[in-house]
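Comments concern the structure below.
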Amino acid sequence: MMAPGSLVDSSTRVGFSARRQRLRIASYAIAIGVAILFLLPLYWMISSSLKPEYQVLASPPVWIPNPVRWANYPEALSYVPFGRYTLNTLSISLLTVLGHVISCTVVAYGFARLRAPGKEALFVVLLATMMLPYPVTMIPIYIGFNTVGWINTILPLVVPAFFGSPFYIFLLRQFFLTIPPELEDAARIDGASLLQTLWYVILPTVSPAMATVAVFSFQTSWNDFLQPLIYLHEQTKYTISLGLSFFRSSYDVRWAYLMAVSFVTMLPIVIVFFLAQRMFIEGITLTGMKG
Amino acid sequence: MKPIRTGKRLNLRRNEAISFYLCISPWLIGFVLFVLGPMLASLAISVLRWDLLGEASFVGLRNYERVFTRDPLVWQSLKVTTIYTAVYVPMELVGGLALALLMNQKLRIERLLRTVYYLPSVLPGVAFVVLWMWILHPDVGLINTLLSYVGIDGPRWLVDPDWALTALLLMSMWGLGRSMVIYLASLQGIGRQYYEAAAIDGANYWQAFWRITIPMLTPTIYFNLVLSVISTFQTFTSAYVGTDGGPLDSTLFYVLYLFRQAFQFFRMGYASALAWVLFVIILGLTLMIVRSSRRWVFYGGERE
Amino acid sequence: MSRLSRYAGFVVGVILLATACTTPEPQIIERTVEVTKEVEVIVTSVPEVIEKTVEVTKEVEVVVTATPEPLPDGAKIILRVGTGDSGEGLNPHQEIIARFEEENPDILVQLEAVSGRDYYTRLFTQIAAGDAPDIMQIGDDAVPNFVDNGAFLSLDDFISGEFPLDTSIYLPGTLDPGQWEGTQWLLPKDFSPLAVYYNKTIFDDAGVAYPEDGWTWDEFLETAQTLTQDTDGDGDTDIWGAQLTANWTTGFEYFIAAAGGSLISEDGTEFVGYMDSEDAVQAVQFFSDLYNVHKVAPPPADFSLWAGGNSQFGNGQAAMRLFGRWPLAGYRDNPNVDLGMVGVPVGDERANTLFWGGFGIFSGTEHPEAAWRFLRFYAGEQGSDVWKDWAIPPVAAAAEAAGLTEDPIEGVWISELDYLVPRAYVFTPYWGQTADPALRKALETVLIDPDADVQAVMEQAAQEAQNALEDQM
């Protein structure tokens, strides 16, 4: 029997193994089929990144670039200084992740575990802050940052992360709520202080969710366009997404270059995700919860 | 004995309340600084007529009046946005969950597969949309080319007012990987002792699924539902980059219309009014979901 | 590694990265100066109205830039220049900046580039906060709006001042878009009228003579029809006669003007009677027929891309293309196209429209004189000397010296400048909010629906534009 979400080893169950085999094959087939569907656009992207520009929109479409234009990559990457932009984006993203992980975990713990008057109302307020469309608060916020002289620095992009973000707070709170509080109670009874409980008991259990937040936060910051657009003025401070916009002027899209750079800038996140999977999907420490 | 116990309890409650406010203080401070202030400012702007470059003049509720009575495009954009959200949110829920279930089994190449599914969500928004604009190209795009191999003459997608919204929906399906990841993390968190107990009791796959998996997942489903509704109602990038609201306003999303009013038509006051109307709508929808959550969300770890 | 050391390492790494990315701030010198002015004052608080002149003394902060005297080391004036160009399009800017900085060592120019539509988003945000670049680039149809809202400094005084500019050096029509209500506000950066590209290979293969300057709409249609072919007999058109401008609204004004019509009344108050006039309807009908009846134009691929996102001409699958000068460099390098150039066809009248971008000085700048010096360099002979390698320079002498006027391809863009008519935005500051969306919808309707009644569509467009206009007033 294949129970969903289960790590049960069912090999001891005789008579179900045939059914299990069939399910397994079916699962493989579906999974790979869907994967191919997902990969097709990606193949298109990579193949076009290697085509000469006039071949990108050729009709009938060309599946395999001919000639293969490897030069697209160095040319696209030097169209604007992407090395510099990558460093900029990296520093902004890492700082943002740090801010989010620290602040959101603490705040989410409060919402999940602690009782206080006004908590429900504040939670609704938290959700409500996600509902106001960005283009509208954009200008008052910009004026605010301008008044303190933070324009043309990375501060407006990074500092707010240290004050939490509703999306991640919500995610972490939900996660906290799925963990029985008995663990913490047990630790407290054993004499641990709040801080010790936090560090030794809670953090390990929440670390998958924290890792999820880290990956999402990194990725959102890495790809962010609107904020760097209005806050960063000097070209030396630009991020990758701003650099990408240079390929898309109001009349023309340099498809091949755009695809090449998109592919290259996608790689770090993909690698991070692939490696980090262990942490936040597989690595839940089943902390000895007795049934 | 009794008075002392009551006193200690009260103290604990108060300490807990203080701890709570301490915990959430970063968010509270940030809220006042980065959210409340600008929100109030935008509310103030919504009763003005301001074109960003020059002077502002007070017009009272005229902007709101215009939103509700004199602007047919508002209704068009609400229609577009609502239809899109109503279709997309369930699709994302079911699709993301299905993918997560698929990925939760111990297939050997699962790590690779998961990365493949998540890959598209990693692309920067603009690159994602531009890639799809091209895939949906009526003459040389991937989709119509594939369709032509099986003899179907594909629609003109983003140029056809009847198909443009469907095209955008198709495009967004490629980004399912993100919700898959969230469901996966939760699936893995369901204690195996429940399944073991169910197996002992002789439950089969479907029973285990409906009686254990789904209930244990309800907090995550709730989370995804709320977030999905809120963010899908504010869809912007795919319409801004891909269709600019066309053709013939068939993909005129509400936030796109708002943006256009603010930055292309220089009507900041009107745009702010539009934003607040949207805010109230989303707030209403969310409150409905939150209220209903008491009945169908099951928390394993909440204190009674 | 223990968890603690992992976290610590992470934090340290982040701090190191952050410090590596901060840049030092340069210095600026400011002095305070007393300025005395005579001001005319009208006093109405007494029964009789008195006019008198009053002397007003103010302290004004001035940045010393009038003459390039050497400033103390490390102190330079920084000029910020905002532009919507991107990629290779930035190269001429960079070169001009480099040359300027060499001749003016007291000034550093910092180029802030953002491409396309996003440029305006950022620009508005900056202006709203009072923090715009000293020199800003804007497109022609944004001029009235920006000027009316005081975003730019008038250039008239500068032109006749200490660093004068001889305005007669410019090609015809290239200064006009930078003028508004009698004053010069911007100087030209680049510009383009419309013209027709043609692919000689396709003409040769079909044995058709190349088009000649002054050709008519009828000749255009005939040529396009002859050249539209189904070469492999599968029922689909393989070679198209002419790639047109799809739903591009301002590009469509040429068709209206060539039919002898106009989209708006001269006083800028009426669309009804103009947008749906006989001439306008005739133009739209001709345009629509090219797509739907004669089928010489490939259907648009994407309405959000400029001019429909078609790619046939670049693929060697269209014999002609009616458009501006922007893709010229790409077509020259394209092996599919053997390029020829000719002016736009003549309808009832010979007309063309100009598309233009220019630079002006932000009214809130702290360095008006330095900004003017740069602007004058940029838009004058020195700048044109660089521009001639990239585009048609606005200075006539530079264009001639570079042989562009005689060139069979480039010369067309210059000769078309003799037939310019004013664009519709000149007559109303509300073009973008009123006529533009209405016209765009109308064009998209006739492009999507071959059976659409053009008269009805244009009447509706005129009414919609009129309603929107009345809403603005």
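Residue numbers (our numbering), protein chains in the order written: chain U, 1 to 291; chain B, 292 to 595; chain P, 596 to 1068. Glycine is no exception: its CB is placed at the ideal position from the N, C-alpha and C atoms. Only a predicted model underlies this, so the values are computations on that prediction, with no experimental measurement involved.
Completely contained alpha helix (DSSP H) runs for the region 948-989 of chain P, where each covers 4 or more residues: 963-974 and 976-982
Which residues in the same chain as P/LEU703 place their Cβ atom closer than 8 Å to its Cβ, once the five residues preceding and following it in sequence are excluded? PRO621, LYS671, ILE672, ILE673, LEU674 and GLU696
Does DSSP put P/ILE707 in a helix, in a strand, or in coil? According to the sequence as given, residue 707 of chain P is Glu; it is not Ile. Strand, per DSSP.
Buried or exposed: where does B/SER519 fall if 16 or more other Cβ atoms within 10 Å of its Cβ makes it buried? buried
4 or more residues per run - each alpha helix (DSSP H) lying fully within the region 804-862 of chain P: 812-822 and 844-853
For P/ALA896 versus B/PRO452, is the C-beta spacing smaller than 9 Å? no
Relative to the C-alpha of P/PHE954, which candidate in P/ASN699, P/GLY734 and P/TYR714 has its C-alpha closest? P/GLY734
Quick one: grab the DSSP three-state call for U/PRO156. helix
Taking all protein chains shown into account, decide if B/GLN599 is buried (16 or more other Cβ within 10 angstroms of its Cβ) or exposed. Shown here, chain B extends from 292 to 595; a query on residue 599 of chain B therefore has no answer.
Would you report the Cα separation of B/GLN555 and P/ASP743, rounded to the nearest angstrom? 16 Å
Curious, which full-length alpha helix (DSSP H) runs of at least 4 residues does the region 188-266 of chain U contain? 203-223, 226-231 and 240-245
So if I threshold CB-CB distances at 7 Å, which residues from the region 524-539 of chain B count as touching chain P? GLY533, THR534, ASP535, GLY537, PRO538 and LEU539
Since P/ALA902 is in the alpha helix (DSSP H), which residue starts that stretch and which ends it? P/ALA902 -> no alpha helix (DSSP H), and no H or E assigned at all.
Per DSSP, which one or two residues make a beta bridge with P/ALA913? P/TRP835
Give the residues of chain B in contact with P/ILE1043, contact being defined as C-beta atoms less than 8 Å apart. VAL450, ASP451, PRO452, PRO538 and LEU539
In whole angstroms, what separates the C-alpha of U/ALA187 from that of B/PHE311? 20 Å
Per-residue DSSP class, three states only, for B/VAL589: As written in the sequence, residue 589 of chain B is Phe, which differs from the Val given in the question. Three-state DSSP puts B/PHE589 in coil, outside helix and strand.
On the premise that U/THR265 lies in contact with U/ASN88, defined as a C-beta separation below 8 Å, what is that separation, rounded to the nearest angstrom? Their Cβ separation, rounded to whole angstroms, is 12 Å, which puts U/ASN88 and U/THR265 out of contact at 8 Å.
Taking C-beta to C-beta, are P/VAL939 and P/GLU1011 nearer than 9 Å? yes
Roughly how many whole angstroms lie between the Cα atoms of U/ALA276 and U/ILE139? 37 Å
Starting from the C-beta of P/THR618, find all residues in its chain whose C-beta is less than 8 Å away, skip the five residues before and the five after it, and write them out in chain order. In this prediction, P/THR618 scores a pLDDT of 31, lower than 50, which makes its location untrustworthy; no coordinate-derived value is stated.
Rounded separation between P/ASP884 and P/PRO759 - CA only: 52 Å
Which residue spans inside the region 698-770 of chain P form an unbroken beta strand (DSSP E) run of at least 3? 702-708 and 730-734
Closer than 8 Å at the beta carbon, the chain P residues around U/LEU229: VAL709, ASP713, THR716 and ARG717
DSSP three-state assignment for B/TRP341, whether helix, strand or coil: strand
Going along chain B in order, which residues have a C-beta closer than 8 Å to the C-beta of U/ILE30? LEU393
Three-state secondary structure (DSSP) of P/ARG675: strand
With a cut-off of 8 Å on the beta carbons, I'd call P/ALA1051 and U/ASN146 a contact; round off their distance for me. So it is not a contact: roughly 50 Å between Cβ atoms.
Residues bridged to P/TRP775 (per DSSP): P/THR778
Would you call the CB atoms of P/THR1029 and P/LEU999 closer than 9 Å? no
Mind checking whether U/SER221 and U/LEU157 have CB atoms under 9 Å apart? yes
On a CA-only basis, which of B/LEU303, B/PHE514, B/ARG469 and B/PHE322 is nearest U/SER103? Give me that one, please. B/PHE322
Tell me whether P/ALA946 sits in a helix, a strand or coil according to DSSP, three-state version. coil
Counting along the chain, where does the alpha helix (DSSP H) carrying B/TYR531 start and finish? 528-533
Kindly list the residues whose CB is nearer than 8 Å to the CB of P/CYS616, restricted to its own chain and excluding five residues on each side of it in sequence; keep chain order. At P/CYS616, the pLDDT of 37 sits below 50, so the modelled position is not reliable; the number obtained from the coordinates is stated separately. Nothing meets the Cβ criterion.
Using a C-beta to C-beta distance shorter than 7 Å, which residues of chain B count as neighbours of U/ASN223? PRO415 and GLY416
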